[in-house]
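Accompanying notes for the structure given below.
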Amino acid sequence: MAALMYQIFSSSVLVSLGLYHLISTTRNYLKSPQQSYFAKPFHPFPHNCLRHLQLYLVILCFIIAFAHQLLLSAESDPLVKGHTPVHRFTSLQSAAVLFLFLLLSDSPSSLLPLPPDLFFTLGFAVFFLQYSVSSTAATVQTSDLQANCDTISARISALVSLLCLILACQPRLFVADVGLGAAFCL
439 MAALMYQIFS
449 SSVLVSLGLY
459 HLISTTRNYL
469 KSPQQSYFAK
479 PFHPFPHNCL
489 RHLQLYLVIL
499 CFIIAFAHQL
509 LLSAESDPLV
519 KGHTPVHRFT
529 SLQSAAVLFL
539 FLLLSDSPSS
549 LLPLPPDLFF
559 TLGFAVFFLQ
569 YSVSSTAATV
579 QTSDLQANCD
589 TISARISALV
599 SLLCLILACQ
609 PRLFVADVGL
619 GAAFCL
């Protein structure tokens, strides 16, 4: 039951983040002329007191996900009786990638913010690592359903990684920015 609640929570956060990115990207594209449009990794809220609320919620979600993966790595595998080293290793890999996402999500609000092209390049690298971890997890699953879910997650991570690379090279490409928001909704 706790795993179901965790999945519902994480899915609702990702869908709302993706929808907010889609709306903000489209609004910015329609406001500015097409030649001056530039993809932004972070769209702050318009009110000053709520300006960084989105980042704080994302950081909180990454901390919860990181703690969840660490607890899973210490727990026995529910599908295979006993402790399995493969299960622990894949959970620790997922925790390490989540920690990298946590570090990356803190950069827009830090004292030394990253330029958008460097942010998208780092996003490409971290999402590619997530693709690798999800692909590895799909190969070692004992459940066909979980293996298929991990395969789909890996493909979505590869798509987001590719879109981040495109935005790092071509930050004026509106279609890639909209695709990034839509991929977060997936």
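Residues in the sequence shown are numbered consecutively from 439, following the numbering used here. All residues carry an ideal CB built from backbone N, CA and C; glycine is no exception.
I believe residue i touches residue j by the beta-carbon criterion, under 8 Å. Please report the beta-carbon distance rounded to the nearest angstrom.
i, j, result
"Phe558", "Pro479", "6 Å"
"Ala621", "Leu601", "6 Å"
"Gly456", "Gly617", "Actually they do not touch by this definition, with Cβ atoms about 11 Å apart."
"Ala576", "Ala592", "6 Å"
"His459", "His481", "7 Å"
"Phe483", "Gln492", "6 Å"
When the distance is taken between beta carbons, is residue j closer than 8 Å to residue i?
i, j, result
"Phe539", "Phe500", "yes"
"Gln531", "Val578", "no"
"Cys623", "Val453", "yes"
"Pro551", "Ala477", "no"
"Tyr569", "Ser599", "yes"
"Thr528", "Thr574", "yes"
"Val535", "Leu510", "no"
Would you say residue i reaches chain B, if we count a Cβ-Cβ gap shorter than 8 Å as a contact?
i, result
"Leu618", "Considering every chain present, this structure includes no chain B. It has just one protein chain."
Original post:
So does the stretch 505-512 actually touch the stretch 467-476, counting three or more Cβ pairs closer than 8 Å?
Top reply: no
Subject >> contact_flag[the stretch 578-587, the stretch 606-621] where n(CB pairs < 8 Å) is 3 or more >> reply: no
**OP:** At 3 residues or longer, and completely inside the stretch 439-489: list those beta strand (DSSP E) runs for me, N to C.
**Re:** none
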